[in-house]
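Chains A and B are the protein sequences, given in the same order.
Using our numbering, the first residue of the first sequence is number 1, and each one after it goes up by one.
Using our numbering, the first residue of the second sequence is number 1001, and each one after it goes up by one.
Even for Gly, the Cβ is constructed at its ideal location relative to N, Cα and C.
Notes to accompany the following structure.
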Amino acid sequence: MIEIADVSKAYGRTPVLRHCSAAVARGEVVVVCGPSGSGKSTLIKCVNGLVPFDSGSIRVNGVSVGDKGTDLPAVRARIGMVFQNFELYPHMTALQNVSLAQIHVLKRRRAEADARSEQLLRRVGLADKLASRPDQLSGGQQQRVSIARALAMDPQAMLFDEPTSALDPEMVNEVLEVMQALALDGMTMMVVTHEMGFAQRVADRVLFMDDGAILEDTPKAAFFAEPATERARQFLAKVLSH
Amino acid sequence: MRQSSRAWLATPAASYVTVMRSLPLVLVLFWFYFLVPLALGHPVGALASALVAFVLFEAAFYCEIIRAGIASVRVGQTQAALATGMRQAQVFRLIVGPQALRAMVPLLMNQIIIVFQDTSLVYVVALRDFMTAASVVADRDGRPTEMYTVIAVVYLAICFSASKAVEIYQKGHAR
Ligand SMILES: Nc1ncnc2c1ncn2[C@@H]1O[C@H](COP(=O)(O)OP(=O)(O)OP(=O)(O)O)[C@@H](O)[C@H]1O
Ligand SMILES: [Mg+2]
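Right under this line is the structure:
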């Protein structure tokens, strides 16, 4: 589904990704973790072409993302993305947020789009918030709207970039529960997160990144039992002690 | 244009905005009154030169307001919209544009008030604006105090109500 092969990238002279390779198969959930600044966001944004990379290749469903001729909007329309800061459109209601791309990208009729949005917002527990604007919603609610916005495109895969790290602790679970339900439904997911509990429950594999390189790509059980690298061991000790 | 990633567009646009914004309007008015006829080889009317000067001068300010408005929209908004498969033009029309406009409206309205006040400067090129007309009347009737007071009240009334309108608008959109 997602194949990352030998991808490197630098900002100016600072390398941020070094020869990264990884794959996410259909229906798989892969958690990406690593210290701040290790390149997790950059890597996940390369997957849908929001950030260009310098060398290597990324294929999504067989389509090469980095090629000049690739119709990136068409690729992105089939990959959902959820951001750390939600990034809901502040000038629209929750329902409009979820309907917008259905109408303008998928060319659904408004009534059809709104019906689908309503169904999705109900699924994430926000049936009573259709007409609310983002600034009237809590962080956890906003993030659930943004998950619904991504799901509205009927994505083949979902990318999450630290979806819970901007949330107050009591709201983390409501978002993780929605993500867990998605995973159980068979969604292909690549999730940058420090929520190791979520990784233990839901992930198939864990990627550990440090300083722009993928140091580990390990099945979940092995990663939590005994990480192969010293860096990962230290990182785990730190996040698990919280 | 200053936002453009193409340097040949961005650099001249940025210099134009910077130069115009740092010059006093009186100077620009003079320039156009004296230099444009020289450049063209025949005289242009005071009104025409003042109009051109005003338009070019104010355009620089509006450019800056528009640029700042667009820059005030977080990059994350663009990324989120692109991630749903929208094209650049759609992102601008549906997401960045409306948010930028909202941020710009109070500034644009303020600038309009300033333009209105600045029109009194055209006397330097011998054009009669409201203010000049009043001083002519004042001289003729020999009652300058009354006349200038009336003028002050009129300017005050117009500018004050316009500022109030801006304020009310801002309150209405406070987040
Ligand atoms: N637009 C940019 N210009 C220059 N450097 C950047 C840019 N974006 C990111 N970087 C640098 O690239 C490196 C990797 O950043 P990235 O955001 O991918 O890290 P991260 O692993 O997601 O970190 P965090 O956990 O803090 O989100 C960092 O050192 C960062 O400073
Ligand atoms: Mg990040």
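Item, Value
"Beta-carbon separation (whole angstroms), glutamine 102 of chain A vs arginine 122 of chain A, contact threshold 8 Å", "At roughly 16 Å, the Cβ-Cβ gap does not stay under 8 Å, so glutamine 102 of chain A and arginine 122 of chain A are not in contact."
"Segment limits, alpha helix (DSSP H) that includes aspartate 114 of chain A", "110-123"
"Coarse secondary structure for glycine 34 of chain A, derived from DSSP in three states", "coil"
"Three or more C-beta pairs below 8 Å linking the stretch 194-204 of chain A and the stretch 27-43 of chain A", "yes"
"Closer than 7 Å: glycine 56 of chain A CB and nearest ligand 1 heavy atom", "no"
"Cβ-heavy atom distance, lysine 40 of chain A to ligand 1, below 7 Å", "yes"
"Cβ-Cβ separation, isoleucine 2 of chain A to alanine 157 of chain A (assumed contact under 8 Å), whole Å", "6 Å"
"Length of the line joining the Cα atoms of isoleucine 58 of chain A and methionine 179 of chain A", "24 Å"
"Buried versus exposed, by CB contacts within 10 Å (16 or more), arginine 233 of chain A", "exposed"
"is_contact[alanine 1068 of chain B, chain A] using C-beta, thresh 8 Å", "no"
"beta-carbon tyrosine 11 of chain A near ligand 1 non-hydrogen atom, thresh 7 Å", "yes"
"beta-carbon aspartate 161 of chain A near ligand 2 non-hydrogen atom, thresh 7 Å", "yes"
"Aspartate 204 of chain A - partner residues in DSSP beta bridges", "Answer is none; aspartate 204 of chain A lacks a bridge partner."
"Residues that DSSP places opposite threonine 14 of chain A in a beta bridge", "A:Tyr11"
"Residue-chain proximity (glycine 1085 of chain B, chain A), Cβ-Cβ < 8 Å", "yes"
"Contact set between alanine 1080 of chain B and chain A, taken where Cβ atoms lie within less than 7 Å", "Phe83, Glu87"
"Contacts around serine 85 of chain A, its chain only, beta-carbon distance under 8 Å, and the 5 residues preceding and following it disregarded", "Looking at the sequence itself, residue 85 of chain A is asparagine, so the reference to serine does not match. Result list for asparagine 85 of chain A: Ala166, in chain order."
"Endpoints, the alpha helix (DSSP H) within which alanine 1089 of chain B is located", "1088-1091"
"Isoleucine 1114 of chain B at chain A interface by Cβ criterion, 8 Å", "no"
"Range of the contiguous alpha helix (DSSP H) that encloses serine 41 of chain A", "40-47"
"Residue-level contact to chain A via CB, leucine 1094 of chain B, 8 Å cutoff", "yes"
"Outcome for serine 146 of chain A when other beta-carbon atoms lying within 10 angstroms are tallied against a minimum of 16", "buried"
"Whole-angstrom distance between lysine 1171 of chain B and glutamate 195 of chain A, CA atom to CA atom", "40 Å"
"6 Å Cβ shell around phenylalanine 83 of chain A - same chain, five flanking residues per side excluded", "Asp161"
"Length of the line joining the Cα atoms of alanine 23 of chain A and aspartate 217 of chain A", "9 Å"
"The stretch 1055-1064 of chain B contacting the stretch 1015-1025 of chain B, beta-carbon criterion three pairs below 8 Å", "yes"
"Continuous alpha helix (DSSP H) stretch holding valine 1075 of chain B: start and end", "1075-1083"
"With 16 other Cβ atoms within 10 Å as the buried cut-off, status of glycine 1076 of chain B", "exposed"
"Cβ pair valine 51 of chain A, valine 65 of chain A closer than 8 Å", "no"
"Valine 16 of chain A Cβ short of 7 Å to ligand 1 heavy atom set", "yes"
"For proline 90 of chain A, the first and last residue of its enclosing beta strand (DSSP E)", "Taken as a continuous stretch (DSSP letters only), proline 90 of chain A belongs to no beta strand (DSSP E), as it is neither H nor E."
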